[in-house]
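Inspection log for the structure reproduced underneath, given as structure tokens.
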Amino acid sequence: MKSYTLEIEQENVAEKVIWLLKHFKDEGITIKENYSVNQEVKNSITQAVNEMNMIKKGKIEAKPIEDLLNAL
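If you want our numbering, it's the position in the sequence shown, counting the first as 1, plus 113.
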């Protein structure tokens with residue numbers, strides 16, 4: 114079995130490629146989208162930046178470093 118990763122920048126091109134590959138499902142082609150992992154990482158970073166900005170503005174309090182280290 115061989116596995117390939119495609120990185121397609123344009124959404125409309127990605128849809129066309131997926132449409133084409135779906136025609137080969139009976140031949141054993143499996144399509145796995147890993148977009149959700151990337152989106153999850155982006156969401157996590159965005160949340161962290163937002164929290165840092167809120168701490169800087171005094172809207173929320175920072176947690177002690179000991180709490181962070183204990184959580185790890």
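We put the beta carbon where it would ideally sit given N, CA and C, even for glycine.
The alpha helix (DSSP H) spanning residue 138 covers which residue range? Taking the first residue of the sequence shown as 1, we reach residue 138 at position 25. In the DSSP assignment, residue 138 falls outside any alpha helix (DSSP H), carrying neither H nor E.
Rounding to the nearest angstrom, what Cα-Cα distance links residue 117 and residue 137 in this structure? To locate residue 117, count along the sequence shown from 1; it is residue 4. To locate residue 137, count along the sequence shown from 1; it is residue 24. Put simply, the backbone Cα of residue 117 is about 15 Å away from that of residue 137.
From residue 164 to residue 173, what distance separates their C-alpha atoms? Here residue 164 refers to the residue found at position 51 when the sequence shown is read from its first residue. Here residue 173 refers to the residue found at position 60 when the sequence shown is read from its first residue. Answer to the nearest angstrom: the Cα atoms are 8 Å apart.
Helix, strand or coil: how does DSSP classify residue 125 here? Counting from one through the sequence shown, the residue named residue 125 turns up at place 12. Residue state, collapsed to three classes: helix.
The alpha helix (DSSP H) enclosing residue 182, as first and last residue numbers: Position 69 of the sequence shown, counting from 1, holds the residue named residue 182. Segment 178-184, the alpha helix (DSSP H) holding residue 182.
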